[in-house]
Ligand SMILES: Cc1cc2nc3c(=O)[nH]c(=O)nc-3n(C[C@H](O)[C@H](O)[C@H](O)COP(=O)(O)O)c2cc1C
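The structure is reproduced here in structure tokens:
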């Protein structure tokens with residue numbers, strides 16, 4: 080399955096990392112497009128914690144792919160301004176796209192159909208072709224402009240999935256919260272995953288309480 084993964088400059092780059100990992104583990108062919116602000120947030124939130132942030136956004140994207148694309152699927156790096164990429168056309172057969180995290184800026188561009196870069200254009204194509212578009216904004220609190228943009232993309236057919244992980248699975252680590260969101264996104268994209276224990280299946284047991 081071909082999937083477009085857009086990464087923009089909202090906080091929460093780890094959502095994109097875990098999504099890339101789960102998509103490649105599921106054997107997807109991922110078209111990856113990272114905005115300039117997205118690369119900056121990847122450097123700040125993920126890479127700085129390791130070896131230090133690469134100055135070059137392209138190096139940040141390479142380090143990100145190196146760390147998270149661990150499965151048998153493939154990753155094609157797509158330039159933000161490459162409007163000749165297949166994902167820019169409705170004739171390409173990509174059934175699903177995820178933008179995670181999705182900044183308020185990119186959400187606004189999608190809501191208003193400006194399509195000035197590949198992430199905006201791919202989202203526009205998914206909406207016009209009535210395909211699956213999942214947007215994962217992270218912002219709080221929301222102003223009325225945010226809310227109206229979320230409503231506009233929802234009316235156009237997108238699934239707005241704010242980064243609001245649930246706690247009923249009794250998460251122990253930050254990664255559990257991230258995977259809660261990524262599992263929900265992949266479920267909507269139609270990509271199999273076993274990232275979480277689903278409600279009604281094995282009940283979560285806190286460490287130290289097992290019989
Ligand atoms: C460290 C950092 C964190 C940010 N966090 C958010 C955020 O959580 N949500 C948001 O909408 N914008 C956030 N921004 C602002 C966006 O990066 C900014 O609006 C940018 O223009 C988005 O461009 P893009 O959509 O092309 O990635 C953040 C910026 C930085 C530098």
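Numbering (the working numbering), first residue to last: 80 to 290.
We treat Cβ as the ideally placed atom computed from N, Cα and C, and that holds for glycine.
Since we're looking at a predicted model, the values are computed, not measured.
To the nearest whole angstrom, what separates the beta carbons of residue i and residue j, a pair I think is in contact under 8 angstroms?
i           : j           : result
residue 102 : residue 113 : Not a contact, Cβ separation roughly 15 angstroms.
residue 98  : residue 231 : That pair is no contact at about 24 angstroms.
Just the Cα atoms here: how many angstroms apart are residue i and residue j?
i           : j           : result
residue 202 : residue 176 : 7 angstroms
residue 228 : residue 207 : 17 angstroms
residue 274 : residue 237 : 23 angstroms
residue 289 : residue 100 : Unreliable placement is indicated for residue 289, whose pLDDT of 45 sits below 50; the coordinate value is still reported in the next sentence. Taking the straight line from one Cα to the other gives about 30 angstroms.
residue 255 : residue 243 : 12 angstroms
residue 145 : residue 154 : 10 angstroms
residue 278 : residue 248 : 8 angstroms
residue 187 : residue 225 : 8 angstroms
residue 193 : residue 106 : 32 angstroms
residue 181 : residue 265 : 16 angstroms
residue 141 : residue 126 : 11 angstroms
residue 221 : residue 214 : 16 angstroms
residue 122 : residue 137 : 11 angstroms
residue 147 : residue 223 : 35 angstroms
Does the beta-carbon of residue i, which I'm using as the reference point, lie nearer than 7 angstroms to any heavy atom of ligand 2?
i           : result
residue 189 : Absence of ligand 2 is noted for the structure shown, with ligand 1 being the only ligands found.
On a Cα-Cα basis, can you pick out the residue from the options that is closest to residue i?
i           : options           : result
residue 262 : 87, 137, 94       : 94
residue 171 : 264, 81, 280, 276 : 81
Residues near ligand 1, criterion Cβ-heavy atom distance below 6 angstroms: 87, 88, 89, 90, 114, 116, 117, 119, 120, 123, 182, 183, 184, 185, 217, 218
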